[in-house]
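S.K.:
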Amino acid sequence: MPEPTRPLVSGATLGAGRHGASQNNLADTVFGVLVWGSALAVTAGFLWLVGEIVVSGFGAISWEFLTSEPASSGRAGGISTILVATLGILGICLAVSIPLGLGTALFLSEFSQGENRMGRFVRASLDVLAGVPSIVFGLFGNAFFCVALGFGFSILSGGLTLACMVLPILIRSIELGLRAVPNDYRVAAAALDLSKSRMIVRVLLPAAAPGLIAGLLLGIGRATAETAALIFTSGYVDRMPESVFDSGRALSIHIYDLAMNVPGGEANAYGTALVLVGLLLVINFVATHLVERFVSGRIQSA
Amino acid sequence: MACGPVSSLREVRAEILELGCDTPGCTAQRLGPPPAGALLSVRDVSVRYGTKVALEAVDLDVYQDRVTALIGPSGCGKTSLLSCLNRMTDLVPGCTVSGSIRFDGRDVATEQDTGWLRRSVGMVFQRPNPFPLSIRDNIWLPLKEHGCKHSELAARTEEVLTQVGLWNEVKERLDQPALSLSGGQQQRLCIARALTLRPRLLLMDEPCSALDPLSTEVIERLILDLRGTVSIVIVTHNLAQARRVADDVVVFWNHDDSGCVIEAGEAEAVFANPRQPDTVAYLSGLRG
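Protein chains in written order, with this note's numbering: chain A, 261 to 562; chain B, 573 to 860.
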């Protein structure tokens, strides 16, 4: 079996026999080493990080760990309440941000013809929002949802704050997905006198599905990994939440707390980190898989 | 230098090659009031994109149950004219249309009910553009939108797919994605989709330019079969195709960067006996 293509070798072969071949060889070698080096460095960093989490966290994982409540500030026991709170926060975040994001993205791509003033204004606001640090979102969420609206430290406040934070990325990627749909479909629908709503629901959204799911995944990833914005809004009570008005501790905050504030909490911190990474991987895998099946059923030849 | 009416190819070739004849420009025939038999009458229509004039002062008539071919070199406004006829120009920002277009006794330009217009005037595009749905849903979508009863859906689907000669090819796999069909089949599906609304006039914008010769032949035969069921206006670059399918032809030409009509009439007459020097040159392959 031939080895996979190695730039270093082919570069050397190309340079050989030409004028100034040795200089070319040297330059190509240096260049090749740099390119390969950076790729290896990044991969190594990633592997080290994941490896560390898996090796140190695997021992903590058990069915028991996932289903029992934390005890002794999280040193002992499991993370059931944390999982419930995390899913609650994520659920509220998505329930609010998906419809709002989809609506705004549809406005930007289908209803603001050309570059009108409203469209430009919405885009500029989103760019500013996307650049706001998450700790500022946390303070805003605290002032607005917890205090002004009176939701207190609660899963609801946390979910709503995350929704604000996720919206800019979500809208941008949904809009890109919608714009990537060929104009042919819109024109064909108009020529058949299809209503805009039917065109959007039956033709545009299905055709844009891969882009929409990609945007959703980015949003979910961002929301699940968020810590700073949640400290001020959903709080870090680790009891089982009874409603969305109760405070609840998200996975990321649990990791932070165990690692920084609880001596002897490292083992469970690693276990929780492994659960968080695993959760993200599963969500990614399922969504990608769904999109592939959907796309092969609709768009490409079966 | 003015060019008088020319009768033979040799004469015009001599004028163009040896004497350097000026183009006579848009010496289009100005037509009178719409004749009684015309399904569609276009008078003095100009199309602008922003400040650019794409088409200037076009007059033409389209008759019931005939195939009218719009021919001429690229960029002379054939597609622009086609898009005016069902107001697809509304979708193009900055596009303005002036003049009068009468279809079926109603004024297209001021028609409030563009839905009626687009249902009566179907359109098929240059690139086949079936929706990324199943073959069946491509036909059902417009039918359902326009109130076809559920019990009639299957029959209407078979009817239009048979009309375009696709029924036997796809009846076993109506649930497969439309995009799994070949290019020619996709284009016939698009024609079937346009026919679902039983239009009186079908606009076709170079329907074969993205297809191979065999698929092109199938579509051309289909056009001839449809003649008598629906009136057709077809834009084509392919002179041989116009000769094969058209009853009437309208010749467009480019003058000072904007398009205009230089000659129109029954296909046989125009091909056999072109009156304008530019038409002669274009049809003989000397220009355009």
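Glycine is no exception: its CB is placed at the ideal position from the N, C-alpha and C atoms.
Treat the numbers as computed from the prediction; the structure is a model and nothing was measured.
Could you tell me whether the Cβ atoms of ALA608 of chain B and ASP616 of chain B are closer together than 8 Å?
M.R.: For ALA608 of chain B and ASP616 of chain B, no; Cβs fall outside 8 Å.
S.K.: Since I believe ILE806 of chain B is in contact with PRO779 of chain B (beta carbons under 8 Å), could you give me their beta-carbon distance rounded to a whole number of angstroms?
M.R.: The Cβ separation is near 7 Å, so the contact holds.
S.K.: So, do the stretch 677 to 696 of chain B and the stretch 443 to 463 of chain A have three or more beta carbon pairs nearer to each other than 8 Å?
M.R.: Yes, the stretch 677 to 696 of chain B touches the stretch 443 to 463 of chain A.
S.K.: Does the Cβ-Cβ distance between ALA626 of chain B and SER655 of chain B come in under 8 Å?
M.R.: The answer is no: Cβ separation not under 8 Å.
S.K.: Within the continuous beta strand (DSSP E) that includes LEU642 of chain B, where are the two ends?
M.R.: Looking at the DSSP string, the run of the beta strand (DSSP E) that includes LEU642 of chain B is 639 to 643.
S.K.: Look at ARG458 of chain A and GLU724 of chain B and say whether their C-beta atoms are less than 8 Å apart.
M.R.: Result no, Cβ atoms of ARG458 of chain A and GLU724 of chain B do not sit closer than 8 Å.
S.K.: Is VAL817 of chain B closer than 8 Å to VAL619 of chain B when the C-beta atoms are compared?
M.R.: Result no, Cβ atoms of VAL619 of chain B and VAL817 of chain B do not sit closer than 8 Å.
S.K.: Of all the CB atoms in chain A, is at least one closer than 8 Å to the CB of GLY831 of chain B?
M.R.: GLY831 of chain B does not count as touching chain A.
S.K.: Determine the contact status of THR327 of chain A and GLY334 of chain A, defining contact as a CB-CB distance below 8 Å.
M.R.: Not a contact, by the Cβ cut-off of 8 Å.
S.K.: Are the C-beta atoms of SER369 of chain A and some chain B residue less than 8 Å apart?
M.R.: Cβ-Cβ to chain B under 8 Å: no for SER369 of chain A.
S.K.: Mind checking whether SER512 of chain A and ALA485 of chain A have CB atoms under 8 Å apart?
M.R.: It is a contact, given that the beta carbons lie within the stated cut-off.
S.K.: Compare the C-beta of PHE675 of chain B against all C-beta atoms of chain A and say whether one is closer than 8 Å.
M.R.: Not one chain A Cβ lies under 8 Å of PHE675 of chain B.
S.K.: Assign HIS722 of chain B to one of two classes, buried (16 or more other C-beta atoms within 10 Å of its C-beta) or exposed (fewer than that).
M.R.: Exposed, by the Cβ-count rule.
S.K.: Can you tell which of A:MET425, A:GLY471, A:ALA423 and A:ILE349 has the C-alpha that lies nearest to the C-alpha of VAL441 of chain A?
M.R.: Residue A:GLY471 is the option with its Cα nearest to VAL441 of chain A.
S.K.: Taking only runs of the alpha helix (DSSP H) that begin and end inside the stretch 482 to 531 of chain A, which ones reach a length of at least 4 residues, in chain order?
M.R.: If we require 4 residues or more, the alpha helix (DSSP H) runs fully inside the stretch 482 to 531 of chain A come out as 488 to 491 and 511 to 520.
S.K.: I'd like the span of the beta strand (DSSP E) that includes ARG674 of chain B, first residue to last.
M.R.: Its beta strand (DSSP E) spans residues 667 to 675.
S.K.: Between ALA467 of chain A and chain B, is there a C-beta pair that is closer than 8 Å?
M.R.: Interface residue, yes.
S.K.: Quick check: is the beta carbon of ALA448 of chain A nearer than 8 Å to any beta carbon in chain B?
M.R.: Taking Cβ atoms only, chain B reaches closer than 8 Å to ALA448 of chain A, which makes this a yes.
S.K.: Is ARG678 of chain B helix, strand or coil when you go by DSSP?
M.R.: Of the three classes helix, strand and coil, the one that applies to ARG678 of chain B here is strand, per DSSP.
S.K.: Is there a C-beta anywhere in chain B that falls below 8 Å from the one on SER455 of chain A?
M.R.: It does: the Cβ of SER455 of chain A has a partner Cβ on chain B nearer than 8 Å.
S.K.: Within a Cβ cutoff of 7 Å, which residues of the same chain sit near GLN748 of chain B, ignoring the five residues on either side of it in sequence?
M.R.: Correct list, in chain order: SER706 and ILE707.
S.K.: How do the stretch 415 to 431 of chain A and the stretch 380 to 396 of chain A stand: do at least 3 beta-carbon pairs fall below 8 Å, yes or no?
M.R.: The stretch 415 to 431 of chain A is in contact with the stretch 380 to 396 of chain A.
S.K.: Measuring alpha carbon to alpha carbon, tell me which residue in B:VAL833, B:LEU713 and B:LEU761 is nearest GLN735 of chain B.
M.R.: When each option's Cα is compared against that of GLN735 of chain B, the closest is B:LEU761.
S.K.: In this structure, does DSSP put THR595 of chain B in helix, strand or coil?
M.R.: For THR595 of chain B, the predicted model reports a pLDDT of 46, less than 50, meaning its position is unreliable and no value from the coordinates is stated.
S.K.: Using 8 Å as the limit for Cβ to Cβ distance, is GLU683 of chain B near chain A?
M.R.: Not one chain A Cβ lies under 8 Å of GLU683 of chain B.
S.K.: Of the residues that make up the stretch 712 to 725 of chain B, which ones have a beta carbon closer than 8 Å to any beta carbon in chain A?
M.R.: Flagged, chain order: LEU713, PRO714, GLU717 and HIS718.
S.K.: Determine whether the Cβ of LEU769 of chain B lies closer than 8 Å to any Cβ atom of chain A.
M.R.: By this cut-off, LEU769 of chain B is an interface position.
S.K.: Closer than 8 Å by C-beta to PHE703 of chain B: which residues in its own chain qualify, once you throw out the five before and the five after it? Chain order, please.
M.R.: Taken in chain order, the residues that qualify are ASP709, ASN710, LEU713 and ALA750.
S.K.: Measure from the alpha carbon of VAL732 of chain B to the alpha carbon of each residue in B:GLY719, B:ARG815, B:GLU744 and B:ILE763, then state which is nearest.
M.R.: Looking at the Cα atoms, B:ILE763 is the closest of the given residues.
S.K.: Does the Cβ of ASP633 of chain B have 16 or more other Cβ atoms within 10 Å, making it buried, or fewer, making it exposed?
M.R.: When all chains shown are included, ASP633 of chain B counts as buried.
S.K.: If you draw a straight line from the alpha carbon of ALA468 of chain A to that of ILE460 of chain A, how long is it in whole angstroms?
M.R.: Approximately 10 Å between the Cα atoms of the pair.
S.K.: Could you please give me the residues that DSSP links to MET776 of chain B through a beta bridge?
M.R.: For MET776 of chain B, which the question treats as bridged, DSSP gives the partners B:VAL696 and B:ILE806.
S.K.: Starting from ILE834 of chain B, trace the beta strand (DSSP E) in both directions and tell me its first and last residue.
M.R.: Where ILE834 of chain B is concerned, the enclosing beta strand (DSSP E) stretches over 830 to 838.
S.K.: Excluding sequence positions up to five away, which residues of its chain have a Cβ less than 7 Å from the Cβ of GLY481 of chain A?
M.R.: These residues qualify, in order along the chain: LEU540.
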